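Notes follow once the structure below has been shown.
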Ligand SMILES: [Zn+2]
């Protein structure tokens with residue numbers, strides 16, 4: 012049996028794998044599987060289509076339903092172009108902080124979850140504890156749905172999930188969802204002096220961008236629902252983050268490409284917003300085709316995440332509130348895998364150590380104090396499951 016590593020030792024191992032989303036996470040998964048199997052814990056994998064990444068999940072305790080899942084992602088955002096003081100893939104302590112890519116988002120929690128699973132295995136638990144480590148979270152939470160389906164087929168079904176994104180250990184019970192698109196407006200090129208006979212993809216595309224501005228004016232101006240009022244801003248908004256197109260001053264643009272992304276408050280349906288946008292794009296396309304039949308508006312789905320809706324008497328929330336004593340209402344505007352777990356029928360809460368404000372930055376760190384607070388949380392958690 013391998014040594015039982017401290018959370019800090021486990022974190023150092025995890026940070027050393029440069030699991031940027033575009034690259035494989037298999038070295039990390041191999042290490043975790045080796046470590047857990049060394050402690051008698053059976054691991055399962057769900058592979059992606061190209062088999063260069065895998066999710067890992069495992070179960071400890073009685074082979075019964077109703078357990079608790081600790082959910083984390085193994086991938087991290089890139090460090091390209093960021094000024095780091097020390098190697099981002101070497102855990103480095105300075106001034107009471109542990110630096111490294113993923114220390115906050117979210118290998119800190121992953122390390123604590125791995126520690127807790129081994130602890131639960133040795134201490135014994137009456138209620139099962141499971142771990143679920145996904146891939147491709149940072150590129151749109153796309154790894155979670157197939158992982159959850161695979162888990163449900165392989166393990167006794169759990170009932171509650173703690174998604175350990177950094178919340179300073181506050182129980183977060185709701186967040187926005189979203190849908191986004193890549194839009195390609197295809198126009199028709201003519202000399203710009205006779206632009207009425209062509210279709211400028213830029214000038215028509217700008218109408219869709221202006222539609223986004225109008226939607227924001229509408230949603231920001233509306234009275235928020237009780238559910239939406241807990242969010243900042245208390246409404247759905249839509250954003251165009253990239254745009255390019257055209258070839259010359261005096262040619263109507265043949266192509267214009269832009270992104271369009273909605274962040275949707277709980278209580279509203281991301282798919283309804285998707286449909287509203289598709290309807291607007293189709294209406295615009297019809298107007299363009301009245302000028303030139305070749306014109307098109309091609310909308311490609313880029314990203315979709317359900318909203319994470321506060322639960323009535325949520326079991327996951329109740330457990331975390333008991334462990335932390337935090338009874339305040341916390342909502343966030345970033346997306347997590349909690350909405351996928353909730354959609355799959357689990358009670359879910361987002362709660363993890365560290366501050367989301369530090370995530371994705373150069374010199375990302377988790378303070379030693381925050382990491383220790385996470386360790387205390389896991390000790391209480393394992394104790395609660397043993398009882
Ligand atoms: Zn994260």
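In our numbering, the protein residues as written are 12 to 398. Quick reminder that beta carbons are idealized off the backbone N, C-alpha and C, glycines included. All values derive from a computational prediction rather than experimental measurement.
Proximity test, residue i beta-carbon vs ligand 1 heavy atom, cut-off 8 angstroms
i           : result
residue 399 : Residue 399 is absent from the structure shown; the chain starts at 12 and stops at 398.
residue 347 : yes
residue 117 : yes
residue 149 : yes
residue 124 : no
residue 176 : yes
residue 384 : no
residue 250 : no
residue 370 : yes
residue 1   : The structure shown has nothing for residue 1, since the chain only spans 12 to 398.
Residues near residue i in its chain [Cβ-Cβ closer than 8 angstroms; skip 5 each side]
i          : result
residue 75 : 139, 167
Local conformation of residue i per DSSP, three classes
i           : result
residue 95  : coil
residue 150 : coil
residue 33  : coil
residue 274 : strand
residue 28  : coil
residue 259 : coil
residue 368 : helix
residue 335 : helix
residue 57  : strand
residue 357 : coil
Start and end residues, beta strand (DSSP E) containing residue i
i           : result
residue 220 : From DSSP, residue 220 is part of no beta strand (DSSP E) but of the alpha helix (DSSP H) over 212-232.
residue 376 : 376-378
residue 197 : 188-197
residue 305 : Counting along the chain, residue 305 falls outside any beta strand (DSSP E), and DSSP gives it neither H nor E.
residue 103 : 103-105
residue 84  : 79-84
Contact check, residue i vs residue j, beta carbons under 9 angstroms
i           : j           : result
residue 72  : residue 124 : no
residue 400 : residue 88  : Here the chain has residues from 12 to 398 only, and residue 400 is not among them.
residue 362 : residue 175 : yes
residue 26  : residue 107 : no
residue 122 : residue 19  : yes
residue 320 : residue 282 : no
residue 22  : residue 382 : yes
residue 299 : residue 222 : no
residue 360 : residue 385 : no
residue 32  : residue 193 : no
residue 100 : residue 196 : no
Residue i at chain D interface by Cβ criterion, 9 angstroms
i           : result
residue 206 : The structure shown has no chain D; it contains just one protein chain.
Cβ-based neighbour list, residue i, same chain, cut-off 7 angstroms, excluding 5 preceding and 5 following
i           : result
residue 15  : 129
residue 213 : 256, 257, 264, 267
Range of the contiguous alpha helix (DSSP H) that encloses residue i
i           : result
residue 176 : Here residue 176 belongs to no alpha helix (DSSP H), and DSSP marks it neither H nor E.
residue 120 : 119-134
Residues near residue i in its chain [Cβ-Cβ closer than 6 angstroms; skip 5 each side]
i           : result
residue 343 : 183, 186
residue 165 : 55
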